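Enquirer:
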Amino acid sequence: MADETQLLELQEDIIELISLARDQLYLFAYENSLICVELAIAMLRVLLPSHSQTMALAVDLLHEIRIAYQASLVANLRTSILETDCSDVCAICLEQPNRSQEVKVLPCTHTFHVICIDTWLSNNSTCPVCRMDLHRK
1 MADETQLLEL
11 QEDIIELISL
21 ARDQLYLFAY
31 ENSLICVELA
41 IAMLRVLLPS
51 HSQTMALAVD
61 LLHEIRIAYQ
71 ASLVANLRTS
81 ILETDCSDVC
91 AICLEQPNRS
101 QEVKVLPCTH
111 TFHVICIDTW
121 LSNNSTCPVC
131 RMDLHRK
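Under UniProt numbering, residues 1 to 137 are what the sequence shown spells out, in order.
(1) If you follow the beta strand (DSSP E) that I81 is part of, which residue opens it and which one closes it?
(2) Alpha carbons only, please: which of Q96, C108, E95 and V114 is nearest the one belonging to E102?
(3) Check each candidate in V89, L61 and A42 and name the one with the smallest Cα separation from F112.
(4) If you reduce the DSSP assignment to three classes, tell me which class H63 lands in.
(5) Looking only at C-alpha atoms, which of T126, L39, C116 and S122 sits nearest to P107?
(6) Pick helix, strand or coil for L27, following the three-state DSSP scheme.
(7) Just reading off the alpha helix (DSSP H) that V129 is part of, what are its end residues?
(8) By the DSSP assignment, the alpha helix (DSSP H) with T119 in it spans what residues?
(9) Quick one: what's E102 bridged to in DSSP?
(10) Give the C-beta separation of V37 and I65 to the nearest angstrom, bearing in mind that I take them to be a contact with Cβ-Cβ under 8 Å.
(11) Classify A40: buried if its beta carbon has 16 or more other beta carbons within 10 angstroms, exposed otherwise.
(12) Exposed or buried, C93, counting other C-beta atoms within 10 Å across all chains shown (16 or more means buried)?
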């Protein structure tokens with residue numbers, strides 16, 4: 001019974017730690033937050049090597065944190081309206097952005113239609129042209 005109580009307390013501590021890490025994604029720079037998540041994963045592996053259910057719960061929660069991070073990455077990209085015709089083609093849909101159309105510019109300076117790059121970045125974390133890792137910007 002004492003082991004179960006300790007396990008429940010440990011689960012609560014882990015959930016609180018993961019919640020704090022998730023909150024940090026919105027308060028600190030992206031790279032620092034990812035380090036916090038990776039440290040949480042490492043800590044869980046050390047603390048819970050034999051508690052597979054607890055570990056599965058923790059991994060699921062950390063997966064949710066990564067999804068939230070990915071969404072915040074997309075949301076914080078610079079969006080602009082083209083003031084002139086663009087000679088570049090969106091590498092995702094292969095159409096040329098028109099004047100007055102909303103586009104997003106990645107840190108590597110590649111430009112894409114907002115809907116195209118948002119869809120791409122919901123599944124990837126790299127530029128579709130040069131493969132720059134946006135986590136390392």
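A virtual CB, placed ideally from N, CA and C, is assigned to each residue, including glycine.
Computed from a prediction, not measured in an experiment: that's the story for all the values here.
Expert: From the atom records:
(1) Per DSSP, I81 belongs to the beta strand (DSSP E) from R78 to I81.
(2) For E102, the nearest C-alpha among the options comes from V114.
(3) Residue V89 is the option with its Cα nearest to F112.
(4) Three-state result, H63: helix.
(5) Relative to the Cα of P107, the nearest Cα in the group T126, L39, C116 and S122 belongs to T126.
(6) Low per-residue confidence applies at L27: pLDDT is 49, beneath 50, and the placement is therefore not dependable enough to give any value.
(7) No alpha helix (DSSP H) holds V129; DSSP gives it neither H nor E.
(8) It spans V114 to L121 - the alpha helix (DSSP H) in which T119 sits, taken as one unbroken run.
(9) DSSP output for E102 lists I81 as bridge partner(s).
(10) With a contact defined as Cβ atoms closer than 8 Å, V37 and I65 qualify at about 6 Å.
(11) Under a 10 Å Cβ-count criterion, A40 is classified as buried, with 16 or more other Cβ atoms of the shown protein chains found around its own Cβ.
(12) Around the CB of C93, fewer than 16 other CB atoms lie within 10 Å, so the residue is classed as exposed.
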